[in-house]
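Take the sequence shown: its position 39, counting from 1, is numbered 41 in our numbering, and each next residue is one higher.
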Amino acid sequence: MTDGVPCLLMRGGTSKGAYFLAADLPAEPAARDDLLLRIMGSPDERQIDGLGGAHPLTSKVAVISPSADPEADVDYLFLQVAVDRPEVSDRQNCGNILAGVGSFAVERGLVPAGEEETSVRIRMVNSGDRATATFPTPGGRVAYAGDAEIAGVPGTAAPVVIEFPPGAGPLLPTGRVRDEIDGVQVTCVDNGMPTVLLEATALKVTGYEPPEDLEADTALTERLRAIRLAAGRLMGLGDVSDTTVPKLTLLAPPRAGGAITTRTFIPVRCHTSIGVLGAAGVAAGLRIEGAVGADLAVLGTGGDRVRIEHPTGFLDIDSSLTTGPDGLPAARRTAVVRTARKIFDGTVFPRAVARPRGGHR
Ligand code: NQM
Numbered sequence: 003m004t005d006g007v008p009c010l011l012m013r014g015g016t017s018k019g020a021y022f023l024a025a026d027l028p029a030e031p032a033a034r035d036d037l038l039l040r041i042m043g044s045p046d047e048r049q050i051d052g053l054g055g056a057h058p059l060t061s062k063v064a065v066i067s068p069s070a071d072p073e074a075d076v077d078y079l080f081l082q083v084a085v086d087r088p089e090v091s092d093r094q095n096c097g098n099i100l101a102g103v104g105s106f107a108v109e110r111g112l113v114p115a116g117e118e119e120t121s122v123r124i125r126m127v128n129s130g131d132r133a134t135a136t137f138p139t140p141g142g143r144v145a146y147a148g149d150a151e152i153a154g155v156p157g158t159a160a161p162v163v164i165e166f167p168p169g170a171g172p173l174l175p176t177g178r179v180r181d182e183i184d185g186v187q188v189t190c191v192d193n194g195m196p197t198v199l200l201e202a203t204a205l206k207v208t209g210y211e212p213p214e215d216l217e218a219d220t221a222l223t224e225r226l227r228a229i230r231l232a233a234g235r236l237m238g239l240g241d242v243s244d245t246t247v248p249k250l251t252l253l254a255p256p257r258a259g260g261a262i263t264t265r266t267f268i269p270v271r272c273h274t275s276i277g278v279l280g281a282a283g284v285a286a287g288l289r290i291e292g293a294v295g296a297d298l299a300v301l302g303t304g305g306d307r308v309r310i311e312h313p314t315g316f317l318d319i320d321s322s323l324t325t326g327p328d329g330l331p332a333a334r335r336t337a338v339v340r341t342a343r344k345i346f347d348g349t350v351f352p353r354a355v356a357r358p359r360g361g362h363r
């Protein structure tokens with residue numbers, strides 16, 4: 003690996019990550035993860051010796067390969083590289099990094115570009131769910147410049163429209179609309195990302211605080227940690243003490259014309275905006291009668307569209323529900339507009355494997 007690894011660095015939605023062809027990485031997960039830690043500069047809170055940006059939202063990896071699934075063009079495996087711990091996790095998916103997967107597939111020749119726009123059918127390996135990303139490819143080349151604006155990203159860029167067909171798993175993983183944990187009412191929802199919905203005031207905060215104030219509130223973060231561990235078990239995820247799911251979203255009434263205000267813990271840092279699939283869970287939750295937050299929400303008459311307010315603006319997501327065979331609410335359709343941008347395409351050189359100290363005199 004001293005010759006380096008082909009890598010495309012992209013912003014996907016409000017996240018940034020290193021995108022690789024699976025064939026350019028070791029097939030064996032332990033060897034792959036060791037290499038990715040050395041590429042991203044982990045473990046180190048500044049990630050000074052690698053590509054990582056010293057925050058979970060900028061320490062992400064996409065591994066992409068042609069799909070054997072007849073209903074997909076490519077397989078997308080998302081890997082979260084921890085910043086200050088030597089850990090690489092495949093336990094969660096990422097709908098923001100997903101926004102760059104179709105463009106990457108065209109850039110690397112896995113999918114031919116259309117003359118005007120291209121749709122890429124993606125199998126999301128982490129969850130087994132599917133998505134279709136459609137983006138402009140005038141003259142057969144990916145266009146990154148455009149007029150679409152998303153909160154949390156300066157300027158405008160070409161739109162990437164992502165459609166999510168209903169996933170295979172239940173929308174309400176505990177089988178109930180509400181649960182009570184530690185005296186707090188919660189709704190556990192999974193519309194592509196296991197998420198626990200809570201009312202901010204039930205935790206003695208307003209839900210309008212800046213992320214750094216919430217992160218600094220140790221009474222709150224301790225309480226959330228305990229609730230998350232219990233919710234993980236209720237959701238059938240087992241012991242989640244070392245995993246990044248479920249996420250926790252604090253809900254408060256909207257303040258800027260949207261449907262709801264959110265503050266999302268992912269799960270230790272507080273998101274500066276909100277994840278795409280996390281938002282899909284919130285949007286679905288607000289449509290479920292009796293769910294936590296449903297009575298705080300202002301759902302307009304704009305069809306499927308739900309505007310989720312977050313610390314740096316809002317995310318518009320289309321969400322509609324149906325009733326599943328078990329009589330519980332189930333997702334019918336979820337769709338979102340994101341943008342993505344190729345930042346560099348080149349060769350990344352990983353940090354060398356650490357040698358034991360003191361061998362030479
Ligand atoms: O929920 C952050 C992000 C995400 C995940 C996180 C995401 C999603 O904003 O689909 O995109 O929740 O860890 O990139």
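Quick reminder that beta carbons are idealized off the backbone N, C-alpha and C, glycines included.
Fair warning: this is a prediction, and the values are worked out from it, not measured in the lab.
C-alpha distance - T120 paired with P327, whole-angstrom precision: 35 Å
Coil, strand or helix - V270 by DSSP: Per DSSP, reduced to three states, the secondary structure at V270 is coil, with no helix or strand assignment.
Comparing alpha-carbon positions, which option in V308, L222, V350 and A354 lies nearest V339? Of all alpha-carbon atoms in V308, L222, V350 and A354, the one lying nearest the alpha-carbon of V339 is that of V308.
Straight-line CA distance for M3 to D46? Residue confidence for M3 is low, a pLDDT of 48 falling below 50, so the modelled location carries little weight and cannot support an answer.
Inspect the beta-carbon positions of P331 and L173 and report whether they are closer than 8 Å. yes
Burial state of G240, where buried means 16 or more other Cβ atoms lie within 10 Å: exposed
DSSP three-state call for V198: helix, strand or coil? strand
Per DSSP, F80 is paired with what? A64
Here's a check: name, in chain order, each residue in its chain whose Cβ is nearer than 8 Å to the Cβ of E214, leaving out the five neighbours to either side. C272
So, at 6 Å on beta carbons, what are the nonlocal neighbours of P196 in its own chain, with the 5 sequence-adjacent residues on each side left out? M237, V247 and P248
Any residues whose CB sits closer than 5 Å to a heavy atom of the ligand NQM? List them in chain order? S17, C96, G97, N98, M195, I268, G277, V278, L279 and G280
May I ask you to verify whether the region 101 to 115 touches the region 57 to 69, counting CB pairs closer than 8 Å and requiring at least 3? yes
Are L301 and A261 closer than 8 Å when you measure CB to CB? It is a contact, given that the beta carbons lie within the stated cut-off.
Classification of G88 by the beta-carbon crowding that lies within 10 angstroms, buried from 16 upward: Here the sequence assigns Pro to residue 88, which means Gly is not the residue at that position. Under this definition P88 is an exposed residue.
May I ask you to list the residues that DSSP assigns as paired with R123? Answer is T134, bridged to R123.
Opening and closing residue of the alpha helix (DSSP H) in which I440 lies: Lying outside 3 to 363, the shown extent of the chain, residue 440 is not represented and no answer is given.
Counting beta carbon pairs with one atom in the region 176 to 192 and one in the region 130 to 143, are three or more of them shorter than 8 Å? no
With the cut-off set at 8 Å, would you say L53 and L81 are in Cβ contact? no
Could you pull out every residue in the same chain whose Cβ sits closer than 7 Å to the Cβ of A233, ignoring the five residues on either side in sequence? I183, V188, C190, V198 and P248
Please report how far the alpha carbon of H57 lies from the alpha carbon of A342, in whole angstroms. 19 Å
Contacts around A286, its chain only, beta-carbon distance under 7 Å, and the 5 residues preceding and following it disregarded: The answer, listed in chain order, is L173, V191, N193, S321, L323 and A333.
Hey, quick one: how far does the beta strand (DSSP E) through D320 stretch, first residue to last? G315 to T325
Taking Cβ to Cβ, would you say L59 is nearer than 8 Å to V127? no
Thinking just about the alpha-carbon of each residue, which of L231, V270 and A337 is nearest to the one in A281? A337
Close beta carbons around V90, own chain, < 6 Å, minus the five adjacent residues each side: Within the same chain, V90 has close Cβ partners D35, L38, L81 and V83.
Within the continuous beta strand (DSSP E) that includes G19, where are the two ends? S17 to L23
Give me the Cβ distance between G171 and T158, rounded to the nearest whole Å; I'm assuming they're in contact under 8 Å. 35 Å between Cβ atoms; not a contact.
Give every residue of the same chain whose Cβ lies closer than 7 Å to the Cβ of V242, excluding the five residues on either side of it in the sequence, and list them in chain order. R230, L231, G234 and P248
Among T314, A135, A153 and Q49, which one has its Cα closest to the Cα of P167? A135
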